[in-house]
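In terms of the UniProt record's numbering, the sequence shown opens at residue 1 and continues consecutively.
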Amino acid sequence: MIKIYANQLNTKLEQDNSWRYFLTVGNDPYLQDIAQTKITETLRLRGFSEQTVFIIDNQTNWDSIYENSRSMSLFSNLTLIILQFSDHSLNASTAKKLDELSKSISPEVSLLICLPQMTKSQESAHWVKTLSDHLLIISCNTPDINQLPNWINQQLQNHDLTIEKQGIELLCYFYEGNLLALSQMIEQLKLLYPEGKISYNQLESNLEDCAIFTPFHLIDAMLMSKAKRVVHILQQLKTNDTVPLILLRTIQRELIQLINLKKDAAKSNLKVAYDNYKVWQNRRNIITPYLNKTSLEQLYKNLNTLTELEIALKSDYEAPIWENLTSLCLQF
């Protein structure tokens, strides 16, 4: 079993054509589509001319999956079975089904399992271990802001394009979280500038803000006091019709947890508090500096301001909620 990133898939398949089982894991639909397409095309060239797709949910006919995985096709000796999972459809019940499938799958059958997410415990499941000798796991998560420059540089190299560092930063700013739009822009730039070298001014004149953010991006930017990023995220959330109440609830949950962490840390220490509230390690690295510089009084003040915003939102439909939200987030 080997784990790779989606941008390493082409090279891995060219180096080794012995992989029979594939697991694409991640929340980025563009990367999932690219990886699945590459895998199916590669297997087709290897003779897996028949492909059967199953959508995994509560109504899935697993007997049909077992039958397809054990029997030879009338029209092809080699078959690819694709299992498309949705959010939360990989559970204890489906894991048992996969256990049975992994133990009885025919040597003439290849398997592609597509998951939006996978926990550490799920990675240790019996079916994963059974398939592990011939299993390739491809991470299809959207690159974060720190990973995105490398991803862009690789795409530019693939298209024989050269853009200065400031241009890469501009692409990150306008297309973070939206790899589909970013890829389309890179293809458009190749058509506009076939000579391959693109200046900052040429680039800037062709870009539009297509960045996609979640409320959790906003929380992290607030905790790290990145004012420019906070404003940008709020602008895009508003543009994409995010419901303000959802943002208020997300910030409220974060504030309550921060208050509890601050209070518990005063009684023991912050690590114990983190463990008690099951805070992920990558979140701890963001939260710790914020808690060290922020008083409990300030946290309560922010919570009171948030409550006032919610009351205004529910009682006054003309209240400048986005302006007020921006003000709160910047003083966080």
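Yeah, the Cβ is synthetic: ideal placement off N, Cα and C, and Gly gets one too.
Under the three-state DSSP convention, the category residue i falls into
| i | result |
| --- | --- |
| GLN59 | coil |
| THR119 | coil |
| GLN331 | coil |
| GLN281 | helix |
| TYR175 | helix |
| LEU23 | strand |
| VAL128 | helix |
| ILE163 | strand |
| THR142 | coil |
| GLU208 | coil |
| GLU50 | strand |
First through last residue of the alpha helix (DSSP H) which encompasses residue i
| i | result |
| --- | --- |
| SER104 | 92 to 104 |
| VAL231 | 227 to 239 |
| THR11 | 9 to 15 |
| GLN157 | 148 to 158 |
| GLU204 | 200 to 204 |
| TYR317 | Taken as a continuous stretch (DSSP letters only), TYR317 belongs to no alpha helix (DSSP H), as it is neither H nor E. |
| GLU41 | 29 to 45 |
Span of the beta strand (DSSP E) around residue i
| i | result |
| --- | --- |
| CYS114 | 109 to 115 |
| SER139 | 135 to 139 |
| PHE216 | Segment 215 to 223 is the alpha helix (DSSP H) holding PHE216; no beta strand (DSSP E) there. |
| THR79 | 79 to 85 |
| ILE2 | 2 to 5 |
Alpha-carbon spacing of residue i relative to residue j, whole angstroms
| i | j | result |
| --- | --- | --- |
| LYS190 | ASP264 | 55 Å |
| LEU218 | ASN146 | 16 Å |
| ALA312 | LEU247 | 14 Å |
| PRO107 | ASN61 | 22 Å |
| LEU207 | PHE213 | 18 Å |
| GLU195 | ILE321 | 47 Å |
| LYS103 | ASN77 | 20 Å |
| ASP99 | SER69 | 13 Å |
| ASN178 | GLN117 | 18 Å |
| PRO289 | LYS238 | 28 Å |
| LEU90 | SER205 | 45 Å |
| HIS232 | PHE332 | 16 Å |
| MET222 | GLN202 | 33 Å |
| LEU135 | SER124 | 13 Å |
| LYS129 | LYS314 | 52 Å |
| LEU303 | GLU318 | 22 Å |
| THR40 | ASP57 | 22 Å |
| PHE54 | LEU112 | 10 Å |
| LEU245 | GLU310 | 7 Å |
Pick from the options that is closest to residue i, judged by C-alpha positions
| i | options | result |
| --- | --- | --- |
| LEU234 | ARG20, ASN324, THR24, LEU80 | ASN324 |
| ILE81 | ILE251, VAL109, ASP133, GLN117 | VAL109 |
| LYS127 | LYS97, SER49, GLN166 | The sequence shown places Trp at residue 127, not Lys. Cα-wise, what sits closest to TRP127 is LYS97. |
| LEU291 | SER49, LYS262, LEU23 | LYS262 |
| ASP220 | CYS210, ARG283, LEU83 | ARG283 |
| residue 334 | GLN252, ASN17, TRP280, PHE54 | Because residue 334 is not part of the residues shown, which for the chain are 1 to 332, the question remains open. |
| ASP209 | ILE287, ASN58, LEU135, LEU171 | LEU171 |
| GLN298 | ASP33, LEU255, TRP19, TYR317 | LEU255 |
| GLN51 | ASP57, LEU83, ALA35 | LEU83 |
| TYR173 | ASP28, ALA211, ILE55, THR94 | ALA211 |
| GLU14 | LEU31, LYS38, ASN27 | LYS38 |
Alpha helix (DSSP H) segments (min. 4 residues) lying fully within the region 238 to 307 = Runs of the alpha helix (DSSP H) inside the region 238 to 307: 244 to 267, 270 to 276, 281 to 293.
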